[in-house]
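Numbering (the working numbering), first residue to last: 15 to 318.
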Ligand code: URA
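Quick look at the structure:
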């Protein structure tokens, strides 16, 4: 059985990381305090973007007090070429503040709520939404007080002030959403919105038939019960198994604690999905821009 990403490019305590995107000189030898951030072009190759760049994608001043033509705003947001956006409008697929707009040329402001096919479109280009694959050994912090390798080291060359949506343990790899949209980040972490997270865990022991049922019914932990929304065995080998668990819990070490309590300590843990966002083939230490649709789906998950 081969677990996906069994080990990322960096192992905690294994000295200088080998993968791209890792800061040089920020390890045990660097002493107290924060080591120098890596500079662009030295350790990180350029990042791919998932937002299509249309040949006639206009740049607009979204804060123009007179507003901007709807089709131009949509094209600037990367929904499609201006012609495609005009067609979307005339086909009645665009709503502004809950009203379908079929006329071309309507001027609107970026503060207004625009949906295409029911998906909210973020019109403010200064908003950034990234799917980051946190490598093993990296602390979930934008600026770790103890000078350990953290997420901030991977995005040091970005000008926005980014927040991480939730946390992963240093020894967990996988998807972390990074954004400068504070309200969305806050809501996605709030238990009220119950955003689902999907993990692949390599666990010790043979999986008994009733494990899924027990996890769905709930496991009692010292700080209260936890239950999964779904569970499946992906693969198994003598003495270990690869399982997928989906839950909307955000408590510390929740997957490890739950599976250990159920009798199957976690050997490796990877988060593959947050709400509607998949990690995909983004490599550890790399990020990709979320598409407009993905951002819209996150808005929906956060009831925004
Ligand atoms: N649960 C854990 O145990 N660890 C993580 O990093 C995330 C969820």
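Glycine is no exception: its CB is placed at the ideal position from the N, C-alpha and C atoms.
Take residue i as the anchor and find which of the options has the nearest alpha-carbon.
i           : options               : result
residue 296 : 307, 306, 151 and 284 : 284
residue 271 : 235, 257 and 261      : 235
residue 112 : 231, 87, 148 and 132  : 132
residue 264 : 146, 100, 239 and 277 : 239
residue 2   : 213, 220, 243 and 219 : Here the chain has residues from 15 to 318 only, and residue 2 is not among them.
residue 317 : 199, 160, 153 and 140 : 199
residue 194 : 251, 126 and 156      : 156
residue 189 : 213, 176 and 207      : 213
residue 77  : 122, 110, 101 and 89  : 122
residue 276 : 82, 177, 103 and 223  : 223
Let's test the definition: count the other Cβ atoms within 10 Å of the Cβ of residue i and tell me whether it reaches 16, buried, or not, exposed.
i           : result
residue 85  : buried
residue 187 : buried
residue 169 : buried
residue 299 : buried
residue 151 : buried
residue 173 : exposed
residue 308 : buried
residue 80  : exposed
residue 167 : buried
residue 251 : exposed
residue 266 : exposed
residue 201 : buried
Helix, strand or coil for residue i per DSSP?
i           : result
residue 118 : coil
residue 142 : coil
residue 124 : coil
residue 249 : strand
residue 255 : strand
residue 158 : coil
residue 273 : helix
residue 188 : strand
residue 328 : Because the chain is modelled from 15 through 318, residue 328 falls outside the range shown and cannot be assessed.
residue 54  : At residue 54, the pLDDT of 32 sits below 50, so the modelled position is not reliable; the number obtained from the coordinates is stated separately. Coil, per DSSP.
Tell me which residue opens and which closes the beta strand (DSSP E) that residue i is part of.
i           : result
residue 266 : That residue, residue 266, is in no beta strand (DSSP E); it is neither H nor E in DSSP.
residue 213 : 211–218
residue 285 : 280–288
residue 236 : Residue 236 -> no beta strand (DSSP E), and no H or E assigned at all.
residue 134 : 133–135
residue 302 : 301–303
If contacts are defined as beta-carbon pairs under 8 Å, then residue i and residue j qualify, I think. What distance do you get, rounded to the angstrom?
i           : j           : result
residue 288 : residue 211 : 6 Å
residue 248 : residue 256 : 4 Å
residue 153 : residue 163 : 7 Å
residue 246 : residue 144 : Not confirmed; about 28 Å, so no contact.
For the alpha helix (DSSP H) containing residue i, name the first residue and the last one.
i           : result
residue 203 : 196–203
residue 96  : 96–104
residue 306 : 306–315
residue 181 : No alpha helix (DSSP H) holds residue 181; DSSP gives it neither H nor E.
residue 84  : 84–90
residue 226 : 225–231
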